[in-house]
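As structure tokens, the structure follows; a few thoughts come after it.
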Amino acid sequence: MQIDIPIPCPICGGKMCSISYETTLSILKKRSWQVCKECNFERNSEDFKKSICCA
Ligand SMILES: [Zn+2]
1 MQIDIPIPCP ICGGKMCSIS YETTLSILKK RSWQVCKECN FERNSEDFKK SICCA
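So for the sequence shown, full-length UniProt numbering puts the first residue at 1; every next one is plus one.
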């Protein structure tokens, strides 16, 4: 699943989208990360949440 997010890429200022991926294996947690559509910069959503908390 891919969702556009209103946060600009920190590298190029381009549009980013959030991608979530649900595994069929219950032992694996649901993953999500953010990808820039312009330069393909990626970051883990968990790391991003931590950076907001500490700001
Ligand atoms: Zn970018």
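Ideal Cβ placement from N, Cα and C applies to all residues, glycine included.
Presumed contact (8 Å Cβ cut-off) between residue i and residue j, rounded CB distance
i: C17; j: V35; result: 6 Å
i: S32; j: S51; result: Contact doesn't hold; Cβ gap of about 15 Å is too wide.
Residue i - containing beta strand (DSSP E), residue span
i: E22; result: No beta strand (DSSP E) holds E22; DSSP gives it neither H nor E.
i: E42; result: 42-44
i: I11; result: Neither: I11 is in no beta strand (DSSP E) and is coded neither H nor E.
i: C39; result: C39 -> no beta strand (DSSP E), and no H or E assigned at all.
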